[in-house]
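One structure is given here, and the rest of the page talks about it.
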Amino acid sequence: MEKELRTEEPRLMKGNEALAEAAIRANIDAYFGYPITPQSEVIEYLMREVPNRKDKKTVVLQAESEVASINMVYGAAGAGARVMTSSSSPGISLMQEGISYIASAQLPCLIVNVVRGGPGLGTIQPSQGDYFQATKGGGHGDYHLIVLAPASVQEMADFVFDAFRLAEKYRNPAMILADGALGQMMEKVVLPPDGGLPKTPAPWATTGKTKDRNHNIITSLFIQPEEMEKVNLQLQKKYEDMQSEVRWEEFQTDDAEVLLVAFGLSARICQKVVDLAREKGIKVGLLRPITLYPFPYKRIAELSEKVEFILDVEMNAGQMVEDVRLAVEGKVPVYFKGRMGGMISTPEEILHEVESILEKQNVLHD
Amino acid sequence: MNEKLLLEDGTELEQVFCRPDTLTDVPYHYCPGCGHSVVHNVLMEVVDELDIQDKTIGVAPVGCSVFAYHYMNIDMQEAAHGRASAVATGIKRVLPDKLVFSYQGDGDLAAIGTAETIHTVNRGENILIVFINNGIYGMTGGQMAPTTLPGMVTSTSPYGRDVHMAGYPLKITELIAQLPGAYYVTRQSVHNPNAVRKLKKAVTKAFEYQMQNKGTCFIEVVSNCPSGWKMTPVETIKYLEEVMFPYYPLGDLKVPKE
Chain A
1 MEKELRTEEP
11 RLMKGNEALA
21 EAAIRANIDA
31 YFGYPITPQS
41 EVIEYLMREV
51 PNRKDKKTVV
61 LQAESEVASI
71 NMVYGAAGAG
81 ARVMTSSSSP
91 GISLMQEGIS
101 YIASAQLPCL
111 IVNVVRGGPG
121 LGTIQPSQGD
131 YFQATKGGGH
141 GDYHLIVLAP
151 ASVQEMADFV
161 FDAFRLAEKY
171 RNPAMILADG
181 ALGQMMEKVV
191 LPPDGGLPKT
201 PAPWATTGKT
211 KDRNHNIITS
221 LFIQPEEMEK
231 VNLQLQKKYE
241 DMQSEVRWEE
251 FQTDDAEVLL
261 VAFGLSARIC
271 QKVVDLAREK
281 GIKVGLLRPI
291 TLYPFPYKRI
301 AELSEKVEFI
311 LDVEMNAGQM
321 VEDVRLAVEG
331 KVPVYFKGRM
341 GGMISTPEEI
351 LHEVESILEK
361 QNVLHD
Chain B
367 MNEKLLLEDG
377 TELEQVFCRP
387 DTLTDVPYHY
397 CPGCGHSVVH
407 NVLMEVVDEL
417 DIQDKTIGVA
427 PVGCSVFAYH
437 YMNIDMQEAA
447 HGRASAVATG
457 IKRVLPDKLV
467 FSYQGDGDLA
477 AIGTAETIHT
487 VNRGENILIV
497 FINNGIYGMT
507 GGQMAPTTLP
517 GMVTSTSPYG
527 RDVHMAGYPL
537 KITELIAQLP
547 GAYYVTRQSV
557 HNPNAVRKLK
567 KAVTKAFEYQ
577 MQNKGTCFIE
587 VVSNCPSGWK
597 MTPVETIKYL
607 EEVMFPYYPL
617 GDLKVPKE
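Taken in order, these protein sequences are the chains called A and B. The opening position of the first sequence corresponds to residue 1 in this note's numbering, with each subsequent residue numbered one higher. The opening position of the second sequence corresponds to residue 367 in this note's numbering, with each subsequent residue numbered one higher.
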């Protein structure tokens, strides 16, 4: 987001509400969703605010289920609209059928997952347990979403614009993967400019067949295997092109001997760990993937050449750590620290983990 | 239209009838005697006659008519099994000035998509839902549908549908008719020319109501499946008249007070 475009004073907002306000400002044509904790404020905010914006014709509809909402998203996106939905883990699971169809039909849209603890009905407390589902397909078939992982309320708002930009550029569904804490917590946010996201033309959309063109068809059915393979190869080529969009952030990695890798809220906590560790003279750095798909494999591989070991920190049983290990290719040890079920590691806990690994390594070195 | 055709023997003929632009020049893949192609024709003839090709967007189903978009020369979207009315809702909500219809079979609409169907109609979505009920799953090889009649033999009810085990045939159209969002609900068929003409009238009315933003129009077409029923096309007509229509009586279930 261009900083100079921001003219407004900062506001104090909840993550979910900042995201919803950003969606209004991104001129979404439609939102379809179903309430689920901890993200219900998204639909509540839109229902409350949209009717007060005289210049906005946004459709906001509470569907009968997550299954229906994602299929409404499919229909609206196929008709060329800028459209989004939001949900939380169990709801996103219900949407997987539709997401697979949307990916196959190559429709741009935004899906927000404010993750809660699972599996199953789980808990309403924050988690990062949906990393696999978000980045490795989630539904059936070979596909990927563009996945952005915010770490602040500011990014909850900013990434709405980024996600639509990427989704429309690649005609691919994008996901904002935030945990429940980011949805619920209040922070200072400077909102993106209203109407600051130009609409991408969609000549492929079903808007009514005119005399000057053939009929447009939105489908994910390619029954001939040769044709289906062709579509799959085209998708794979697109995912390859998307690799150029990889984004990450680094903190004090220049002289780091220990590298933390964490996304979202875990990365926020790890920033504190970096500070605490450095106060004790331990040179810790942090890499925070911003795009979880595409994943910063290359940069992590480069950094792994310079550090003693890597500690991956997540709020799950260890999901992104598999991608980190793929990047590192066994060059240095990769450890994992995680908590589950809505529990969040404290900076002190993580620092303790760093110290005990160092101790263990020193014993081995001696 | 109105083009002169010159035959080999020099005779000049005036063309007075041809395939409308709303139908693509693609041969139907349907089994001989199946009702799908007739319903496709009726729908597109109405689109042609009302001159709404550039305004109409269809949602194709899963099942035998999954390729409806190959035959109907209008913008169309394919939906996941059961989700057609949700997809149609999405289209209509962002393009309220366009005419949107979904085309769905009995498994699609009355089994896996029951929730979407009921809620779409209950919201009074201003769309047309065309429901083809042949009481069987044709494409997957003739399994039992929610609308399969008691005693009817299918590959998953090989001894005939036992209502104590499998429940009763679902009269989904009767359910739909009760919902306040439903504006026009009718049950038609295509088993003879008279029925086809009646269906065409119903479809025309439904599109006109949609233009007037009246709410959901729902047209059930009780149809046949010669392959699934393991009958000749002629036998299926007899079966329709003698067995299906008594259970699914033809006619209007809900008509607007005009």
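Ideal placement from N, C-alpha and C gives every residue a C-beta, glycine not left out.
Between the CA atoms of residue j and residue i - distance to the nearest angstrom
i, j, result
"A:S100", "B:N500", "29 Å"
"A:E367", "A:K331", "The shown model of chain A, from 1 to 366, leaves out residue 367 of chain A, and the question about it has no answer."
"A:G15", "A:E66", "21 Å"
"B:E369", "B:R489", "47 Å"
"A:I92", "A:D194", "28 Å"
"A:P201", "A:N27", "14 Å"
"B:F467", "A:G80", "17 Å"
"A:Q133", "A:G139", "8 Å"
"B:P599", "A:G75", "36 Å"
"A:A149", "A:D158", "11 Å"
"A:I36", "B:A450", "24 Å"
"B:Y575", "A:P294", "48 Å"
"A:E155", "B:A445", "34 Å"
"A:Y131", "A:V274", "24 Å"
"B:C430", "B:A511", "14 Å"
"B:H447", "A:M343", "38 Å"
"A:K237", "B:N558", "51 Å"
"A:V261", "A:A267", "7 Å"
"A:E49", "A:L265", "28 Å"
"A:E314", "B:T520", "52 Å"
"A:A103", "A:T206", "17 Å"
"B:M367", "B:A561", "Caution applies to B:M367, whose pLDDT of 49 falls short of 50 and renders its modelled position unreliable; the value that the coordinates give is listed next. The alpha-carbon atoms of B:M367 and B:A561 are separated by roughly 27 Å."
C-beta neighbour in chain A for residue i, strict 7 Å
i, result
"B:A446", "yes"
"B:K421", "yes"
"B:E482", "yes"
"B:V460", "yes"
"B:G456", "yes"
"B:K620", "no"
"B:P393", "no"
"B:A452", "yes"
"B:R385", "no"
"B:H712", "Because chain B spans 367 through 624 in this model, residue 712 of chain B falls outside it and cannot be assessed."
"B:R449", "yes"
"B:K567", "no"
"B:K564", "no"
"B:K464", "yes"
Opposing strand residues paired with residue i [DSSP bridges]
i, result
"A:P173", "A:C109"
"A:V59", "A:A30"
"B:D441", "B:I423"
"B:T520", "B:S523"
"A:P126", "A:R116"
"A:V252", "With the sequence shown as reference, residue 252 of chain A is identified as Gln, and Val is not the correct amino acid for it. Answer is none; A:Q252 lacks a bridge partner."
N- and C-terminal bounds of the alpha helix (DSSP H) containing residue i
i, result
"B:D618", "From DSSP, B:D618 is part of no alpha helix (DSSP H) but of the beta strand (DSSP E) over 617 to 620."
"B:S555", "Where B:S555 is concerned, there is no enclosing alpha helix (DSSP H), although the beta strand (DSSP E) it sits in stretches over 548 to 555."
"A:P289", "It is not in any alpha helix (DSSP H) - A:P289 instead sits in the beta strand (DSSP E) that spans 284 to 289."
"A:Y297", "297 to 304"
"A:M47", "41 to 49"
"A:R268", "264 to 279"
"A:K238", "225 to 242"
"B:K567", "559 to 577"
"A:V324", "320 to 328"
7 Å Cβ cutoff, residue i in contact with chain B
i, result
"A:Y101", "yes"
"A:L221", "yes"
"A:L107", "no"
"A:D142", "no"
"A:G78", "yes"
"A:N172", "no"
"A:N216", "yes"
"A:A81", "yes"
"A:Q361", "no"
Residue i: first and last residue of the uninterrupted beta strand (DSSP E) it sits in
i, result
"B:N499", "494 to 499"
Legend entry - Near-chain B residues of the segment 181 to 210 of chain A (beta-carbon distance less than 7 Å), N- to C-terminal order: T206, T207, G208, K209, T210
Legend entry - Interface residues of the segment 44 to 76 of chain A facing chain B [CB-CB below 9 Å]: V59, L61, A63, E64, S65, V67, A68, S69, I70, N71, M72, V73, Y74, G75, A76
Legend entry - Within 7 Å of chain A by C-beta, residues of the segment 581 to 604 of chain B in sequence order: none
Inset, instruction - Check distances from the C-beta atoms of the segment 83 to 98 of chain A to those of chain B and list, in chain order, the residues that come in under 9 Å. - result: V83, E97, G98
Inset, instruction - Quick one: which residues of the segment 24 to 38 of chain A get their C-beta closer than 7 Å to a C-beta of chain B? List them in chain order. - result: D29, A30, F32
Inset, instruction - Determine which residues of the segment 430 to 445 of chain B have a Cβ less than 9 Å from any Cβ of chain A, and write them out in chain order. - result: V432, F433, Y435, H436, M438, N439, I440, D441, M442, Q443, E444, A445
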